[in-house]
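Undergrad: So that we are looking at the same thing, I have put the structure below in structure tokens.
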């Protein structure tokens with residue numbers, strides 16, 4: 052059996068610190084956000100819009116899987132399956 056470890060001492064209360072002063076608003080760093088915004092704008096400009104009625108494959112597959120799960124749930128309810136094991 053492992054021995055129980057004893058604490059090495061008592062905890063001291065934390066020292067009271069003076070209340071923090073509100074920070075003054077700073078100007079954004081030059082080039083920090085503007086570089087990200089420029090990259091985002093370039094990426095958006097390179098995108099091509101979908102044609103009317105066109106959907107990404109992942110959306111179509113997700114809709115089919117959701118429909119199959121809904122049908123499976125309905126079948127389970129009609130069959131009286133409650134899911135409780137035991």
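Residue numbers (this note's numbering): 52 to 137. Just so you know, even glycine gets a beta-carbon here, dropped at the ideal spot from N, CA and C.
Quick check on residue 101: does DSSP put it in helix, strand or coil?
TA: coil
Undergrad: Going straight from the alpha carbon of residue 117 to that of residue 125, what length do you get?
TA: 12 Å
Undergrad: Can you grab the Cα-Cα spacing for the pair residue 99 / residue 115, in whole Å?
TA: 25 Å
Undergrad: Would you tell me roughly how many angstroms separate the C-alpha atoms of residue 133 and residue 119, rounded to the nearest one?
TA: Each residue's alpha carbon lies about 19 Å from the other.
Undergrad: I need the DSSP call for residue 106, collapsed to helix, strand or coil.
TA: coil
Undergrad: Could you give the distance in angstroms between the alpha-carbon of residue 103 and the alpha-carbon of residue 111?
TA: 15 Å
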